[in-house]
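Notes to accompany the following structure.
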Amino acid sequence: MENGGTDWYTRTSPRFEVDVGNEKYGWLAKSMFLGNLKPPKRPGYVEIDVYEVL
75 MENGGTDWYT RTSPRFEVDV GNEKYGWLAK SMFLGNLKPP KRPGYVEIDV YEVL
């Protein structure tokens with residue numbers, strides 16, 4: 075990757091498919107998230123920072 079990834083810019087809006095009635099993870103289906111896909115450090119790996127929109 076040229077410039078060490080400084081030109082890298084990727085956003086995502088992940089959705090989680092879980093049962094809304096699930097006591098532990100139901101909030102994931104009811105929330106909105108935004109994410110930044112980071113420049114790859116190694117081939118075959120992905121790293122994403124995910125943020126909940128409040």
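Going by this note's numbering, the sequence shown opens with residue 75, and the numbers climb by one from there. Glycine included, C-beta positions come from ideal geometry on N, C-alpha and C.
In the DSSP secondary-structure assignment, R85 is bridged to N110. Relative to the Cα of G100, the nearest Cα in the group R89, G109 and R85 belongs to R89. Only residues of its own chain outside the window of five on either side were considered, and among them L108, G109, N110 and L111 have a CB closer than 8 angstroms to the CB of R85, listed in chain order.
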